[in-house]
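Residue numbers (my numbering), protein chains in the order written: chain A, 6 to 73; chain B, 1159 to 1400.
Okay, so here's the structure we're looking at.
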């Protein structure tokens, strides 16, 4: 049981580090950008430009915040 | 369509996918180390082989859109983390590299399996391998020349993977800070491309959009490289005034 719990904790920690990393806002922005892209796509609006734009903006904001 | 034209068409179409696969494996291996990267790539190929054997021509039933969305989103968030770290490190150290690489400093375990490298290479190989399998099945069945399609894809794999192995030495000579920035750029580009494609949104220019994305992220990285340094200089200047 303890071994399973330890494995589950390690598994959770790995995915947390993989997805969230040092700054949760990056993953959150990507998720929101993809949802909005999908919504715009369903409304027949070309939105392929949104995720790359959001990604670049959030990296810049994150870098500025980290260097404060 | 003749047997030779099926071979050439499949070779070229598969080569595009295999190039993406090899870029991910070589990039991840150069930054994180090779053992776990090979384990992930081998695991991806093994799962792919099982899927191909189990499904055969029915492979096209695999929901590739959902797979692209999941793999692409994960590659994008992870790629952006590396891009961010790479920018910060190049800002701090320039292109000279990060000095002696210590395992703990980069989060790479000194022993055991590096799950990050394993998962990244596994996903890259599995997704791209599936796309190659789709190409083979669709070209081969449509033209009733499955054997030529398989041979074309196999030839593309041997040629591109061989070129990747040869390029490994060159890639490892790139300073590590710059390499992390570059691999972050590539993972972010592929991740963005696949995630958006997985939503059912078409890219202008199809696969060529990946090159534009690489340029876009490189341009952003180049403009951000000075940000932490400028801030540090400004802080030092403000301290001096006080």
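For glycine and all other residues, C-beta sits at the position ideal for the given N, C-alpha and C.
Distance cut-off 7 Å: residue i Cβ against heavy atoms of the ligand GTP
| i | result |
| --- | --- |
| residue 1235 of chain B | Absence of the ligand GTP is noted for the structure shown, with no ligands found whatsoever. |
Where the alpha helix (DSSP H) containing residue i begins and where it ends
| i | result |
| --- | --- |
| residue 68 of chain A | 55 to 71 |
| residue 1249 of chain B | 1222 to 1251 |
| residue 1192 of chain B | 1192 to 1213 |
| residue 1276 of chain B | 1273 to 1300 |
| residue 30 of chain A | 29 to 47 |
| residue 1378 of chain B | 1367 to 1382 |
| residue 7 of chain A | 7 to 24 |
| residue 1359 of chain B | Premise fails: residue 1359 of chain B is in no alpha helix (DSSP H) and is neither H nor E. |
| residue 1326 of chain B | 1304 to 1330 |
Spatial distance of residue i from residue j (CA atoms)
| i | j | result |
| --- | --- | --- |
| residue 1373 of chain B | residue 27 of chain A | 25 Å |
| residue 10 of chain A | residue 17 of chain A | 10 Å |
| residue 1226 of chain B | residue 1286 of chain B | 10 Å |
| residue 1363 of chain B | residue 1270 of chain B | 42 Å |
| residue 1184 of chain B | residue 1334 of chain B | 13 Å |
| residue 1190 of chain B | residue 1309 of chain B | 33 Å |
| residue 1198 of chain B | residue 1192 of chain B | 10 Å |
| residue 1224 of chain B | residue 1230 of chain B | 10 Å |
| residue 1173 of chain B | residue 23 of chain A | 29 Å |
| residue 1299 of chain B | residue 1323 of chain B | 32 Å |
| residue 1262 of chain B | residue 1275 of chain B | Interpretation of residue 1262 of chain B is limited by its pLDDT of 45, a score under 50 that renders its predicted location unreliable; the figure taken from the coordinates is listed afterwards. Spanning the two alpha carbons is a distance of roughly 15 Å. |
| residue 1188 of chain B | residue 1240 of chain B | 13 Å |
| residue 1168 of chain B | residue 1311 of chain B | 6 Å |
| residue 1163 of chain B | residue 1303 of chain B | 10 Å |
| residue 66 of chain A | residue 34 of chain A | 11 Å |
| residue 1368 of chain B | residue 1305 of chain B | 30 Å |
Cβ neighbour criterion (16 or more within 10 Å) applied to residue i
| i | result |
| --- | --- |
| residue 21 of chain A | exposed |
| residue 56 of chain A | buried |
| residue 1331 of chain B | exposed |
| residue 54 of chain A | exposed |
| residue 73 of chain A | exposed |
| residue 30 of chain A | exposed |
| residue 1179 of chain B | buried |
| residue 1248 of chain B | buried |
| residue 1340 of chain B | buried |
Cβ separation of residue i and residue j, assumed to be a contact under 8 Å, to the nearest whole Å
| i | j | result |
| --- | --- | --- |
| residue 1318 of chain B | residue 1177 of chain B | 6 Å |
| residue 1307 of chain B | residue 1315 of chain B | Actually they are not in contact, since the Cβ atoms of residue 1307 of chain B and residue 1315 of chain B sit about 13 Å apart, beyond 8 Å. |
| residue 1278 of chain B | residue 1186 of chain B | 5 Å |
| residue 1217 of chain B | residue 1211 of chain B | Contact doesn't hold; Cβ gap of about 10 Å is too wide. |
| residue 1336 of chain B | residue 61 of chain A | About 19 Å separates the two Cβ atoms, so there is no contact after all. |
| residue 1243 of chain B | residue 1338 of chain B | 6 Å |
Closer than 8 Å is the cut-off here; do at least three beta carbon pairs connect the region 1351 to 1369 of chain B with the region 37 to 51 of chain A?
yes
Contact between the region 1341 to 1352 of chain B and the region 1235 to 1248 of chain B: three or more CB pairs below 8 Å?
yes
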